[in-house]
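Have a look at the structure below, then the notes.
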Amino acid sequence: RNNMAMPNEIVDVGTAIALRYRDKIEEKDYYNLLRAHGFVRKNADRMYETGMRLLQGIELIALERRDKLGKLDIEDEAAKTGITPDILQKLRDITMVIPAATDIISFAVREVYTPEIAEAFGQFDGLDEVVERASADIKAIGMTKETFAKYWAAHWMLPSVGQGFEMVHRAVIPAVSTEEQPLGLDRLMTALDIMPAWRDKLTAISYSPFTRVDVRRMHKLGILEEGDLVRAYMDLGFDKTKAEAMRDFTLAY
Numbered sequence: 009r010n011n012m013a014m015p016n017e018i019v020d021v022g023t024a025i026a027l028r029y030r031d032k033i034e035e036k037d038y039y040n041l042l043r044a045h046g047f048v049r050k051n052a053d054r055m056y057e058t059g060m061r062l063l064q065g066i067e068l069i070a071l072e073r074r075d076k077l078g079k080l081d082i083e084d085e086a087a088k089t090g091i092t093p094d095i096l097q098k099l100r101d102i103t104m105v106i107p108a109a110t111d112i113i114s115f116a117v118r119e120v121y122t123p124e125i126a127e128a129f130g131q132f133d134g135l136d137e138v139v140e141r142a143s144a145d146i147k148a149i150g151m152t153k154e155t156f157a158k159y160w161a162a163h164w165m166l167p168s169v170g171q172g173f174e175m176v177h178r179a180v181i182p183a184v185s186t187e188e189q190p191l192g193l194d195r196l197m198t199a200l201d202i203m204p205a206w207r208d209k210l211t212a213i214s215y216s217p218f219t220r221v222d223v224r225r226m227h228k229l230g231i232l233e234e235g236d237l238v239r240a241y242m243d244l245g246f247d248k249t250k251a252e253a254m255r256d257f258t259l260a261y
């Protein structure tokens with residue numbers, strides 16, 4: 009009740025410092041408040057300085073990577089927040105860019121973890137030139153050149169599976185990779201993330217079936233027997249009922 013009639017509570021030190029930083033009180037009012045708490049002007053200035061927000065370890069590392077702070081500068085600034093050089097180095101280590109799980113899978117299926125194969129396939133072509141030109145950007149995001157090389161090796165566009173089938177049909181590549189011909193359809197399907205169980209089935213349907221005219225002519229010549237007709241017409245997309253009707257038509261025609 010007495011405080012309501014004659015309010016005499018003064019602002020605490022922390023609030024006074026915050027009010028000054030936010031320009032809510034004049035400098036002279038700040039000094040008066042701190043004096044009321046027993047602080048002389050010199051100590052009031054020190055209290056004000058200690059209230060200043062300091063850059064934290066990760067922020068300092070970001071500035072270092074962007075060449076905005078030198079190593080000694082960052083260590084001095086970090087020390088003000090209680091971070092020792094050893095801890096600072098640990099922060100550098102844990103903030104380096106590392107591949108995500110999806111990236112690791114991409115690296116695996118695109119032969120990044122077998123560099124001798126990736127090298128043979130030309131996946132590192134142009135890397136040195138790009139690293140030289142982009143070294144500042146690579147450093148700024150906290151990525152090592154070794155990690156960047158993995159992303160580079162995996163970034164290339166791949167032929168579609170349809171193009172892969174066409175290359176097999178024209179004997180440009182083998183269906184199965186060999187030591188002499190390492191670029192095979194099987195390796196392309198792996199790089200395209202096609203589930204293994206579907207690969208041979210997709211390959212099987214990539215070949216053209218007989219046309220309707222071919223079926224009739226080949227049956228007439230005895231190359232296809234009556235029992236082959238339904239399957240031949242179903243390969244063209246007819247369901248069983250229609251394929252049987254087409255068989256009957258072929259036999260009667």
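For the sequence shown, this note's numbering begins at 9 and goes up steadily by one.
C-beta atoms are modelled at their ideal positions from N, C-alpha and C, and glycine is treated no differently.
The structure presented is a predicted model; accordingly, all values stated were derived computationally and were not measured.
Neighbourhood of residue i by C-beta, 8 Å cutoff - its chain only, sequence neighbours within 5 removed
i      : result
Ile237 : It should be pointed out that residue 237 corresponds to Leu in this sequence rather than to Ile. Hits under 8 Å: Val223, His227, Ala251, Met254, Arg255, Thr258 and Leu259.
Leu77  : Leu68, Leu71 and Glu85
Glu35  : Arg28
8 Å Cβ cutoff met for residue i and residue j
i      : j      : result
Leu99  : Ile149 : no
Pro190 : Ile125 : yes
Tyr56  : Arg49  : no
Ala179 : Gly192 : no
Ala161 : Arg118 : yes
Outcome for residue i when other beta-carbon atoms lying within 10 angstroms are tallied against a minimum of 16
i      : result
Glu72  : buried
Tyr215 : exposed
Met197 : buried
Ser143 : exposed
Gln97  : exposed
Cut-off 7 Å between Cβ atoms - residues of its own chain near residue i, not counting five sequence neighbours on either side
i      : result
Thr152 : Met104
Lys307 : As displayed, the chain neither begins before 9 nor continues past 261, which places residue 307 out of reach and without an answer.
Residue i, DSSP secondary structure in three states
i      : result
Arg61  : coil
Lys76  : coil
Gln131 : coil
Thr249 : helix
Glu234 : helix
Phe115 : helix
Leu229 : coil
His163 : coil
Ala88  : It should be pointed out that residue 88 corresponds to Lys in this sequence rather than to Ala. Correct three-state label for Lys88: coil.
Val105 : coil
Pro182 : coil
Thr211 : helix
Delimiting residues of the alpha helix (DSSP H) encompassing residue i
i     : result
Gly29 : Before going on, a small fix: residue 29 reads as Tyr here, not Gly. Counting along the chain, the alpha helix (DSSP H) containing Tyr29 begins and ends at Val21 to Tyr29.
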